[in-house]
Amino acid sequence: MSSDQSLPPGLHPDTLAVRVGIDPSQYGENSEALYLTSCFVQPDAETSAQRFAQPDLGYTYSRTANPSVTAFERRLAALEGAEAAIGTATGMSAILLMGLGLLKSGDHVVCSRSMFGSTIRLLGGEFGKFGVETTFVSQTDVAEWQAAVRPNTRLLFAETPTNPLTEVCDIAALSKMAHAAGALLAVDNVFATPVLQKPLALGADLVVHSGTKFLDGQGRVMAGALCGSKKLIDEVFAPLIRTAGMVLAPFNAWVVHKGMETLAVRVRSQSDNALHIARWLEAHAAVDRVFYPGLPSHPQHALAMAQQGGVGGAVIAFSVKAGSPSQARARAFHVIDSTRVCSIATNLGDVKTLICHPASTSHGRLSEDQRQAAGVVQGLIRLAVGLEHADDIRDDLARGLDDCHNY
Ligand SMILES: *Cc1c(COP(=O)(O)O)cnc(C)c1O
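Taken in order, the sequence shown gives residues 482 to 888; the numbers are from the working numbering.
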């Protein structure tokens, strides 16, 4: 298969994000081609037989491999500093692939109870049906993770910062713990992206991505990926996804591959905007708490700054002041409904600022107990800050916050 071996070694991440992919076709296109094809014509039956037996000899069928997906995988692996990556249909199917590949009946997983809502349901619910047990622990208390580790623990799974409360956990400490227990550490790097945080360099074994978020960056397609050692990707996950079929569509791979070219500038600019807005929110009379790793008031501010290259990221959560949960919900809805620039939408990592109410959306399918345990109260609002001018986003939030007391 074609490669990009003509690139010199030692290039910076900004360069890799623009340059890594596959070789151009015979036409020499500068913008990468889109290989929108389900199968590939074979030169002869013998070559076809060899490629089916050994997929890295050449493309056959897009459930096994596709050049646009390969280009995406190489670029993401380069950014994460991983030996290899594998694309999946969505972020959740990356987590599904990880579970199917690493776990069997009788195995045990430890993960934070503040993780993404669908992750909690997949691990705590669906995987339970197959005899895989998950213990959910505090995001931030390393001792609680340690106490949950058992002889049959195969995987520690962390997400940092978390959705929506931006709680941070110590990747290096968890990787040491996992390895001492003979387990692997996987990190969901969706919020920080490799621009801010490189989990593999901190000792993690696998990185989980939703390409739907910052990697695409413009809210167009669904995508996901796992990044890790060549051995795990080639020997465990690639044969499995070829059988199970939750592969990344070539079109989506191509969109996200192009999106990654602007990842670093977007993440840095959106994070600058977020810090500006977080500081303003913290000073607003109607706001109860602001959750943003870039603020000194954040409980893991120091760890976050060390682990995320001194940047807080582009996602903020904040709660409105209220006397009761129902009043908190009414006020949060008022703030959301008063916006005219932000989009009311449950996504993140878009260049458009998105605002949502986690308790009734991303965390709406959890029980009230699970929600309380995750700290997702009714007054909480999540803001995934985009590329609009920070003052316009601020004014958009002020519209609802300034008369919140009337609701
Ligand atoms: C969105 C998200 C996922 C799941 O990704 P999809 O592409 O929506 O399946 C996983 N983890 C985090 C932190 C996310 O924000």
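A virtual CB, placed ideally from N, CA and C, is assigned to each residue, including glycine.
- Could you check where the alpha helix (DSSP H) with E763 kicks off and where it finishes? Residue range 744 to 763 is occupied by the alpha helix (DSSP H) that includes E763.
- Which residue from S843, C823, L604 puts its Cα closest to that of T834? Answer by Cα proximity: C823.
- S593 CB to nearest heavy atom of ligand 2 below 7 angstroms: As presented, the structure is devoid of ligand 2, carrying ligand 1 as its sole ligands.
- Message: Between N644 and ligand 1, is there a pair consisting of the residue's CB and a ligand heavy atom that are separated by less than 7 angstroms?
- Response: The closest heavy atom of ligand 1 lies less than 7 angstroms from the beta carbon of N644.
- For the beta strand (DSSP E) that V796 lies in, which residues bound it at each end? Taken as a continuous stretch (DSSP letters only), the beta strand (DSSP E) holding V796 covers 796 to 801.
- Task: Using 7 angstroms as the cut-off, classify the Cβ of F611 as near or not near the heavy atoms of ligand 1, replying yes or no.
- Result: Not so, every heavy atom of ligand 1 lies at least 7 angstroms from the Cβ.
- Query: Quick one: Cα of V613 to Cα of I722, how far?
  - Reply: I722 has its alpha-carbon roughly 20 angstroms from the corresponding atom of V613.
- S800 classed as buried or exposed, judged by whether at least 16 other C-beta atoms fall within 10 angstroms: Looking at its Cβ environment, which holds 16 or more other Cβ atoms inside 10 Å, S800 is buried.
- Message: For I862, report the span of its beta strand (DSSP E) as first-last.
- Response: Segment 861 to 865, the beta strand (DSSP E) holding I862.
- Query: What residue from E648, D873, R532 has the CA that sits closest to P780's CA?
  - Reply: If we check each option's Cα against that of P780, E648 comes out closest.
- Message: My assumption, with CB atoms under 8 angstroms, is that P675 sits in contact with E561. Please give the rounded CB distance.
- Response: Separation of the CB atoms of P675 and E561 is rounded to 5 angstroms, and the pair is thereby assigned contact status at 8 angstroms.
- Are the Cβ atoms of V866 and Q788 separated by less than 8 angstroms? No.
- Query: Which of helix, strand or coil does DSSP assign to F772?
  - Reply: If DSSP states are grouped into helix, strand and coil, F772 belongs with the strands.
- Query: With A783 and G793 assumed to form a contact (beta carbons below 8 angstroms), what rounded beta-carbon distance in angstroms separates them?
  - Reply: Their Cβ separation, rounded to whole angstroms, is 12 angstroms, which puts A783 and G793 out of contact at 8 angstroms.
- Task: Tell me whether F695 is buried or exposed, calling it buried when 16 or more other Cβ atoms sit within 10 Å of its Cβ.
- Result: Counting other Cβ atoms within 10 Å of its Cβ, F695 reaches 16 or more and is therefore classed as buried.
- Query: Using DSSP with H/G/I as helix, E/B as strand and the rest coil, what is T647?
  - Reply: Coil.
- Task: Output the distance between the C-alpha atoms of Q431 and M703, rounded to the nearest integer angstrom.
- Result: The requested residue 431 is not part of the displayed model; the chain covers only 482 to 888.
- Query: Which runs of the alpha helix (DSSP H) fall wholly inside the region 606 to 675 and span at least 4 residues, in chain order?
  - Reply: Complete alpha helix (DSSP H) runs here, min 4: 623 to 629, 652 to 661.
- For A745, collect the residues of the same chain with a Cβ closer than 8 angstroms to its Cβ; drop the 5 residues on either side in sequence, then sort them by chain order. Annotation for A745: P494, D495, A498, V676 place their beta carbon closer than 8 angstroms to its own, counting only its chain and skipping 5 residues before and after.
- Going by beta carbon distance, what residues of the same chain come within less than 8 angstroms of S574, once the five residues before and after it are set aside? Counting only Cβ-Cβ distances below 8 angstroms, and skipping sequence neighbours, we find G705, M727.
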